[in-house]
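*Asks:*
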Amino acid sequence: MSSQSDRIRLFALNNLAIEAAIQRVERDYEVDLGHVPPTEEKIDETYYPQFEEKIRREAADMSAHYRVFYCLENSIRSLVIDVLFEKYGEQWWDLTVPENVRNHVASTRKKEKEFGVSVRSQEAIDYTTFGELSEIIKSNWGDFSDIFQDVKALERVTATLNVLRGPIAHCKPLAEDEVVRLHLSIRDWFRAMG
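Position one of the sequence shown corresponds to residue 1353 (this note's numbering), numbered consecutively onward.
Listed below in structure tokens is the structure:
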């Protein structure tokens, strides 16, 4: 990882945070600041209007935080794949991922298959939780130590992000202080990278 790519990632995440703030001001004060969402939101009008306005507003606010976390979590997955595949090849999953993580992934895949839902992914890593991604990095610290400055810093940042992930993933609004903490923690993530 170069410091240039770290700066680009930080720039992109800062832009997402600014975009979310602009959207919130537009909604809260019912003003048009000329901001156009990157994609037109398609809402199922059959059921959506039946939900309380307060819940719909919270959903709109939380969608920006979800996008940021979605980008972060999937960029971490890509990083794990890139680093471990480069060193261990096709067998990286079996050779480097802790047994408890592999077992949890196998259990999740089995459960989803039994429920008859669409296959999420062919890649096992796509079934890992955010916390498990951190476990994979820590258990292969020798392969990641040239990317991250310190394992303790990584543990602290990922623990904070994992706690903040809870409300985002489980449909509860983030307090304004926690929104700030989310943005600071994302910055800390990139700072933890060498």
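Each residue gets a CB set at the ideal place from its N, CA and C atoms; glycine is no exception.
Everything numeric in this text was worked out from a predicted model, so none of it was measured.
Please classify VAL1457: is it buried, with 16 or more other beta-carbons within 10 angstroms of its beta-carbon, or exposed?
*Replies:* Reading the sequence shown from its first residue, position 105 is the one you call residue 1457. With 16 or more Cβ atoms within 10 Å of its Cβ, VAL1457 is classed as buried.
*Asks:* Classify PHE1542 as helix, strand or coil using the three-state DSSP reduction.
*Replies:* One-based indexing of the sequence shown puts residue 1542 at position 190. It is helical.
*Asks:* Taking just the CA atoms, how far does ALA1521 sit from ASP1384?
*Replies:* One-based indexing of the sequence shown puts residue 1384 at position 32. One-based indexing of the sequence shown puts residue 1521 at position 169. Approximately 29 Å between the Cα atoms of the pair.
*Asks:* DSSP state of PHE1403, grouped into three classes?
*Replies:* The residue you call residue 1403 lines up with position 51 of the sequence shown. DSSP places PHE1403 in coil when its eight states are reduced to three.
*Asks:* Note the first and the last residue of the continuous alpha helix (DSSP H) segment covering PHE1500.
*Replies:* The sequence position of residue 1500 within the sequence shown is 148, counting from 1. No alpha helix (DSSP H) holds PHE1500; DSSP gives it neither H nor E.
*Asks:* So which of SER1473, GLU1466, ALA1544 has the shortest CA-CA distance to LYS1504?
*Replies:* Along the sequence shown, read from residue 1 onward, the residue named residue 1504 stands at position 152. Ranking SER1473, GLU1466, ALA1544 by Cα distance to LYS1504 puts ALA1544 first.
*Asks:* Rounded to a whole number of angstroms, what is the C-alpha to C-alpha distance between ALA1527 and GLU1442?
*Replies:* Along the sequence shown, read from residue 1 onward, the residue named residue 1527 stands at position 175. Along the sequence shown, read from residue 1 onward, the residue named residue 1442 stands at position 90. One C-alpha to the other measures close to 43 Å.
*Asks:* To the nearest angstrom, how far is the alpha carbon of LEU1516 from that of TYR1440?
*Replies:* Position 164 of the sequence shown, counting from 1, holds the residue named residue 1516. Position 88 of the sequence shown, counting from 1, holds the residue named residue 1440. About 32 Å.
*Asks:* If you scan the region 1417-1446 from start to end, which runs of the beta strand (DSSP E) of 3 or more residues do you find wholly inside it?
*Replies:* Those beta strand (DSSP E) runs which fall completely within the region 1417-1446 and span 3+ residues do not exist here.
*Asks:* Pull up the distance between the alpha-carbon of GLU1555 and that of ALA1364, whole angstroms please.
*Replies:* Outside the modelled stretch of the chain, which goes from 1353 to 1546, sits residue 1555, for which no answer is possible.
*Asks:* List, from N- to C-terminal side, the alpha helix (DSSP H) runs of 4 residues or more that fit wholly inside the region 1462-1498.
*Replies:* Fully enclosed alpha helix (DSSP H) runs of 4 or longer: 1482-1491, 1493-1496.
*Asks:* Would you call the region 1457-1466 in contact with the region 1495-1512, where contact means no fewer than 3 C-beta pairs closer than 8 Å?
*Replies:* The answer is no - the region 1495-1512 does not touch the region 1457-1466, with fewer than three Cβ pairs under 8 Å.
*Asks:* Put MET1353 into one of helix, strand or coil per three-state DSSP.
*Replies:* Taking the sequence shown and counting its residues from 1, one reaches residue 1353 at position 1. In this prediction, MET1353 scores a pLDDT of 49, lower than 50, which makes its location untrustworthy; the coordinate-derived value is nonetheless stated afterwards. MET1353 falls in the coil class under three-state DSSP.
*Asks:* At the level of alpha carbons, what is the spacing between ASP1396 and LEU1447?
*Replies:* Taking the sequence shown and counting its residues from 1, one reaches residue 1396 at position 44. Taking the sequence shown and counting its residues from 1, one reaches residue 1447 at position 95. Distance between the alpha carbons of ASP1396 and LEU1447 is about 44 Å.
*Asks:* Let me check understanding here. Comparing Cα to Cα, which of ASP1540, THR1480, SER1357 lies closest to GLN1501?
*Replies:* Translated into the one-based positions of the sequence shown, residue 1501 becomes position 149. GLN1501 has its Cα closest to that of ASP1540, out of ASP1540, THR1480, SER1357.
*Asks:* What separation, rounded to the nearest whole angstrom, lies between the Cα atoms of ILE1370 and TYR1399?
*Replies:* Locating residue 1370 in the sequence shown gives position 18, counting from the first residue. Locating residue 1399 in the sequence shown gives position 47, counting from the first residue. Rounded to whole angstroms, ILE1370 to TYR1399 spans 30 Å at the Cα level.
*Asks:* Which residues in the same chain as GLU1410 place their Cβ atom closer than 7 Å to its Cβ, once the five residues preceding and following it in sequence are excluded?
*Replies:* On the sequence shown, residue 1410 is found 58 positions in, with the first residue counted as 1. Closer than 7 Å at Cβ, skipping near neighbours: PRO1525.
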